[in-house]
Amino acid sequence: MSRRGALRVATVNLQHATPAGGGSASARSLAEAGEALRALDLDVVALQEADTGQRRSGYVHQTRLLARILGATWWRFVPAEVGPRGAAFGVPLAGLLGRAAPRLAEAAASLPWDPAYGVGLISRLPVVRTASVSHPGRIRVLPVGHRLASGPVRRVGRWVVRRDEARAAVLATVAAPFGRVAIGATHAATDPRAAAVQIGRLAERLADLAGPDGARLLLGDLNLPPSAVQAAVDRVGGRALAPLAVGATFPAPAPRSQIDHVLGSAGLAGTGETVRLPISDHLALVATIDEIAPDDDDDRAGYAGPVRP
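To convert, count from 1 in the sequence shown and add 1; that's the working numbering.
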């Protein structure tokens, strides 16, 4: 366990366990990453780009396998989409059914033959409450050659029909060493405006889950730089969040921007580090979080040191 009074968290974009040096994702590549994460002595791990039953990653339920390696007492996977990755149009269950989709998609993803893709949350501490959020993907009709005409598309004459990827978030209240903490984890859209809306919506749900005075953490690959993330959470109003770990996380070979984040509410202080894993095009972002007294200096931003190999 982490030291008394502290909570160790990490956010990890798995890139479905693609080896950092190249090659195919597999149960073995994921297990190697799991051993590296276990050495970090983590209490809570947020996952993005996690697969279940996908051919590209060896048909592994990645959240469940990592939880087993980490010795976690609890885990939850929330699919953004159900269907095989790599098809022009999969089966975007979360996108089609909106807010009702996460529970239905989770049930479908529990079937061994039904592939899915989404976010996960793992905790070795007791979890007392959970929730989820779905962000439906948009359908766009764009002229051929448009800068956004990529991803899952179909061409119709001079037009391209693009479906933006649906997104999802998982929330949980965890019994941390210093008390209960509401945690929200997501993988936001690559479109900056959509990402800001999704982050704001998650911050609102997180505030509801935590209650009027509850501690909160927001984790994930948010696909925005720190200033834009701060603007997105500030728009919620009244329940401020601030960065607890700061450091460049992308792209992994030569990180030059931070798009992976750990933010916390007033009363929490953090120190952070970036960690290179044997998988992914992202570095993991790790934070050690303490509760601070109300009269302490509230300079809560934790600056990540050198990248841990």
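Note that the Cβ used here is the ideal one computed from N, Cα and C, for glycine as well.
All values derive from a computational prediction rather than experimental measurement.
Mark residue i as exposed unless 16 or more other C-beta atoms lie within 10 angstroms of its C-beta, in which case mark it buried.
| i | result |
| --- | --- |
| V129 | exposed |
| S124 | buried |
| V165 | Before going on, a small fix: residue 165 reads as Asp here, not Val. Answer is buried; the Cβ neighbour count reaches 16. |
| G72 | exposed |
| A232 | exposed |
| G119 | buried |
| S228 | exposed |
| G1 | What the structure shows of the chain is the stretch from 2 to 310, and residue 1 is not part of that stretch, so it cannot be assessed. |
| G212 | exposed |
Taking residue i as part of the beta strand (DSSP E), name the residues at either end of that continuous run.
| i | result |
| --- | --- |
| T12 | A7 to N14 |
| D209 | That residue, D209, is in no beta strand (DSSP E); its alpha helix (DSSP H) goes P193 to A211. |
| V276 | L269 to V276 |
| S266 | D261 to S266 |
| P137 | Here P137 belongs to no beta strand (DSSP E), and DSSP marks it neither H nor E. |
| A243 | L242 to A246 |
Here's a check: name, in chain order, each residue in its chain whose Cβ is nearer than 8 Å to the Cβ of residue i, leaving out the five neighbours to either side.
| i | result |
| --- | --- |
| R9 | S3, L41, D42, L43, D44, V45, V287, A288, T289 and I290 |
| D1 | Because the chain is modelled from 2 through 310, residue 1 falls outside the range shown and cannot be assessed. |
| G180 | A216 and E292 |
| P226 | S258, Q259 and I260 |
| L66 | A28, L31, A32 and G35 |
| A190 | H136, D165, E166, R168, A196, Q199 and N224 |
| T131 | R77, V171, L172, A173 and T174 |
| D214 | none |
Can you tell me whether residue i is helix, strand or coil according to DSSP?
| i | result |
| --- | --- |
| P80 | strand |
| E166 | coil |
| G35 | helix |
| L219 | strand |
| H188 | strand |
| R65 | helix |
| A183 | strand |
| P127 | coil |
| Q49 | strand |
| I290 | strand |
| A176 | strand |
| S25 | coil |
| I70 | helix |
| H283 | coil |
| A255 | coil |
| A18 | helix |
For residue i, collect the residues of the same chain with a Cβ closer than 6 Å to its Cβ; drop the 5 residues on either side in sequence, then sort them by chain order.
| i | result |
| --- | --- |
| A195 | none |
| A88 | Only weak support is given to the placement of A88: the predicted model assigns it a pLDDT of 46, under 50, and the value that follows is read from those uncertain coordinates. No residues qualify anywhere along the chain. |
| W76 | T64, A68 and I123 |
| A285 | A11, V13, V276 and L278 |
| V171 | R77, V79, V120, L122, S133 and A186 |
| P254 | none |
| D296 | Only weak support is given to the placement of D296: the predicted model assigns it a pLDDT of 48, under 50, and the value that follows is read from those uncertain coordinates. So no residue of the chain qualifies. |
Pull up the CB-CB distance for residue i and residue j, whole angstroms please, since I reckon it's below 8 Å.
| i | j | result |
| --- | --- | --- |
| A216 | A183 | 7 Å |
| P256 | T275 | 7 Å |
| A1 | P137 | Because residue 1 is not part of the residues shown, which for the chain are 2 to 310, the question remains open. |
| T74 | Q63 | Contact doesn't hold; Cβ gap of about 18 Å is too wide. |
| I70 | G23 | With 8 Å as the limit, I70 and G23 do not qualify as a contact, their Cβ atoms being about 23 Å apart. |
| L1 | A243 | Nothing about residue 1 can be reported from this structure: the residues present for the chain run from 2 to 310 only. |
| V230 | I200 | 6 Å |
| G185 | L207 | 4 Å |
| L223 | L245 | With 8 Å as the limit, L223 and L245 do not qualify as a contact, their Cβ atoms being about 14 Å apart. |
| A81 | A169 | 4 Å |
In the DSSP assignment, the alpha helix (DSSP H) including residue i goes from what residue to what residue?
| i | result |
| --- | --- |
| Q231 | P227 to D235 |
Beta-carbon within less than 7 Å of residue i's beta-carbon, same chain only, minus the 5 sequence neighbours each way: which residues are those?
| i | result |
| --- | --- |
| E50 | N14, L15, Q16, H17 and H188 |
| A176 | L126, P127 and V129 |
| P20 | S30, P279 and I280 |
| A26 | H17, A18, T19, R57, S58 and G59 |
| A7 | P178, T289, I290 and D291 |
| P193 | L225 and A229 |
| G271 | L245, A246, V263, G265, A288, T289, I290, R301 and G303 |
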